[in-house]
Amino acid sequence: MFNTLQSLAEKGLFHQLSITLLSNINTITNDTLCNIYDDIILPNYYNINTDTFINISILVSKKLNTQSSINILYNTLNILNNEYNTHSSISNSKYSTHSIISNNNSTEHNDNSATNDSTEMVNNPILYINRLNNSNSVIFNGNIRILLEISLNYIQIDQLQQARIILYECKEMEIESKESLRILHLGLGLLNYKSKNFTISYKNLVEYLKLLNMEKKKEIENEKITEIIETVVRAGIYSDEIYSFTELIKICSTITESNSDDKNLSEIKNNEKFDKTKNIENISIKLITALENDDPMESERISKAFDEEIVELVKRKAVIIRLLNYFFKNQERTVILKKISDDLSLPLELVQECILQILGTGLMKGNINGISGEFSYTWIGYKYLTEEEIKSIRMVVREMRARVDSVRQEI
1 MFNTLQSLAE KGLFHQLSIT LLSNINTITN DTLCNIYDDI ILPNYYNINT
51 DTFINISILV SKKLNTQSSI NILYNTLNIL NNEYNTHSSI SNSKYSTHSI
101 ISNNNSTEHN DNSATNDSTE MVNNPILYIN RLNNSNSVIF NGNIRILLEI
151 SLNYIQIDQL QQARIILYEC KEMEIESKES LRILHLGLGL LNYKSKNFTI
201 SYKNLVEYLK LLNMEKKKEI ENEKITEIIE TVVRAGIYSD EIYSFTELIK
251 ICSTITESNS DDKNLSEIKN NEKFDKTKNI ENISIKLITA LENDDPMESE
301 RISKAFDEEI VELVKRKAVI IRLLNYFFKN QERTVILKKI SDDLSLPLEL
351 VQECILQILG TGLMKGNING ISGEFSYTWI GYKYLTEEEI KSIRMVVREM
401 RARVDSVRQE I
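Oh and the sequence shown: position 227 is 227 in the UniProt record's numbering, straight run, nothing missing.
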C-alpha cells in the first residue's frame, strides 16, 4: 500500500491518493500507516484537500491511545494554522507520528499517564479558540472539528476542565458542519454524564443520535454506538427529570433498521438473550421500552440483567412513569388518591410520595388536598407524544369543538 500511495503522490494524483488511503485505512497496519502519514501525507498536506487532510488525521488519531491521539490532533491544528515548518517540526519532534503509532502496540494502554513533556506539544485549547474568528471558513470549520475531537479524548482521560473549555466555547459559535454539531452534542453528553449532570447529558446524547440518524452515517462501530446507547439510557435512569423514553426508542429503532448490516444491532427487537457483553444495547432499549409500556415487572427483571445497582432507581421511575401516563390519559383534572391507588395497584403512601416528587420536579402543576384526599392538576408537560397519543388528543379536541359548536347553536 505504501508503494502504491507513494507512486500516486509522485504522479501528483493526490485526490486518488486520498480516496485510496481512506478506503483502505482500516486494513493498514499501524507501522505502515505511520510511514504513509509521515512520509507521504504530511510532506504533501498542502496538495491535499483541507477537509480530506483533516479527516485523514482524525482517522489516524483514532488508531492511537488517547494521549497520543491528542498530540497528533494538536499537531494537525498547528499545520492548519501555519505555526511551524511542517517538515522540520515533524522530523525533530519527539511526538513524531511514527513513534506515536509504532509504540502504540507495545505500550500499555494507560490514558492517565500524560507527562509534563507532553505539554511541549499539547497546547492550551484557548490559544486556538481565540484565533478562530480570524480564520477563513475552511480553516475555521477544520479547527472546530479537530478541537471537538480533542475534547472527546480529554473526556476519555478525565481531563474534564480542558474538555469543558473547548465544548462550551464551541457551543457559542456558529457551527455550519452537521458532523461537527453532532460531535459537539456527543461531547456535551459525555462530559455532563461524567459530571453527573444527567438530564443535560441525556438531552445532548439524544440530539447526537438524532443527528447521526439523519445523516445516515455508517460509522456505527467507530463511534461506539453500543456504549452511547447504554450511556444515554443510564443518564435517563439517573435523571430526576426524564420520564419519557418514547423519542429515544423511536430513534434507536430507526438506527437499527437503517443499519441492518450490523448483526448485533439488528437483533435489538427480537433477541431474548440477555448477554451483557454482546447485547448491552439490546438490554438498554428493552429496559426503556418496558418502562414506557407501563410494565414494572418486566422493567425490574431487565434492570437486574442490565445493572443491579440501578434496580431501585428503575422501580421508582417505573411508578412515576405509570402515574404520569395515568394522569396524561385521564380527562378529569381532579382525582381521588385512593382511586389512583386502586386503579394502579399501588400503595396509597407510595402514590402520595411520587406525586409530591412529580410536583417538586416541575413535571406537573397541581396540588394535593390533604383533607379530601384529592389531587388536582392543571398542567402536564413532560411527554414526548407518540403518533397514537397525538391522534387521541386530536380526537378529544375535535369532540370539545363539537360540544362548543353545539352550545353555540342552542344559544
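C-beta: ideal position from N, C-alpha, C; glycine also.
For clarity, every value in this text was computed on a predicted model and none was experimentally measured.
(message) Quick check on the DSSP output: what are the complete alpha helix (DSSP H) runs of length 4 or more inside the region 150-194, in order along the chain?
(response) 160-171 and 178-194
(request) Measure how close the beta-carbons of residue 329 and residue 243 come, nearest whole angstrom, since I'm counting them as under 8 Å. (result) Counted from its first residue, the sequence shown places residue 329 at position 329. Counted from its first residue, the sequence shown places residue 243 at position 243. No, residue 329 and residue 243 are not in contact; Cβ-Cβ is about 15 Å, not under 8 Å.
(request) Could you give the DSSP three-state label for residue 339: helix, strand or coil? (result) Residue numbering aside, residue 339 sits at position 339 when the sequence shown is read from its first letter. If DSSP states are grouped into helix, strand and coil, residue 339 belongs with the helices.
(request) Please check the pair residue 326 and residue 336, which I expect to be a contact at CB under 8 Å, by giving their CB distance rounded to whole angstroms. (result) On the sequence shown, residue 326 is found 326 positions in, with the first residue counted as 1. On the sequence shown, residue 336 is found 336 positions in, with the first residue counted as 1. About 13 Å separates the two Cβ atoms, so there is no contact after all.
(message) Given this structure, state the Cα-to-Cα distance separating residue 190 from residue 346, to the nearest angstrom.
(response) For the purposes of this step, residue 190 is taken as residue 190 along the sequence shown, with counting starting at 1. For the purposes of this step, residue 346 is taken as residue 346 along the sequence shown, with counting starting at 1. Cα to Cα, the separation comes out at about 36 Å.
(message) Taking its Cβ as the centre, do 16 or more other Cβ atoms sit within 10 Å of residue 214, making it buried, or is it exposed?
(response) If you number the sequence shown from 1, residue 214 lands on position 214. Residue 214 should be labelled exposed.
(request) Note down, in chain order, each residue of its chain lying with its Cβ closer than 6 Å to the Cβ of residue 399, except the 5 sequence neighbours on either side. (result) By 1-based counting over the sequence shown, the position of residue 399 is 399. Taken in chain order, the list of residues that qualify is empty.
(request) Provide the residue(s) that pair with residue 334 in DSSP beta bridges, ordered along the chain. (result) Mapped onto the sequence shown, residue 334 falls at position 334. Beta-bridge pairing links residue 334 to 376.
(message) Can you look up residue 12 in the DSSP assignment and give me helix, strand or coil?
(response) Numbered from 1 along the sequence shown, position 12 holds the residue referred to as residue 12. Residue 12 falls in the coil class under three-state DSSP.
(message) What I want to know is whether the C-beta of residue 282 ends up closer than 7 Å to one or more non-hydrogen atoms of the ligand HEM.
(response) In the structure shown, the ligand HEM is absent, as is every other ligand, since no ligand is present at all.
(request) Please work out which residues of its chain come closer than 7 Å, Cβ to Cβ, to residue 164, disregarding the five sequence neighbours upstream and downstream, and give them in chain order. (result) Working through the sequence shown from its first residue, we reach residue 164 at position 164. Closer than 7 Å at the Cβ level, and outside the excluded window around residue 164, lie 191.
(message) I need the DSSP call for residue 317, collapsed to helix, strand or coil.
(response) Numbered from 1 along the sequence shown, position 317 holds the residue referred to as residue 317. It is helical.
(request) Sort 225, 64, 48 and 355 by Cα distance to residue 33 and report the nearest one. (result) Residue numbering aside, residue 33 sits at position 33 when the sequence shown is read from its first letter. Minimum Cα distance to residue 33 is reached at 64.
(request) For residue 18, count neighbouring Cβ atoms within 10 angstroms of its own Cβ and tell me buried if that reaches 16, exposed if not. (result) Counting from one through the sequence shown, the residue named residue 18 turns up at place 18. Classification for residue 18: buried.
(message) Helix, strand or coil, according to DSSP, for residue 36 in the structure here?
(response) Sequence index remark: in the sequence shown, residue 36 carries index 36 (1-based). Of the three classes helix, strand and coil, the one that applies to residue 36 here is helix, per DSSP.
(request) To the nearest angstrom, report how far apart residue 207 and residue 237 are at their CA atoms. (result) As a working note, residue 207 is residue 207 in the sequence shown. As a working note, residue 237 is residue 237 in the sequence shown. In a straight line, the C-alpha of residue 207 is about 17 Å away from that of residue 237.
(request) Determine the extent of the beta strand (DSSP E) in which residue 368 is found, giving its start and end residues. (result) Taking the sequence shown and counting its residues from 1, the one referred to as residue 368 is at position 368. Segment 364-369, the beta strand (DSSP E) holding residue 368.
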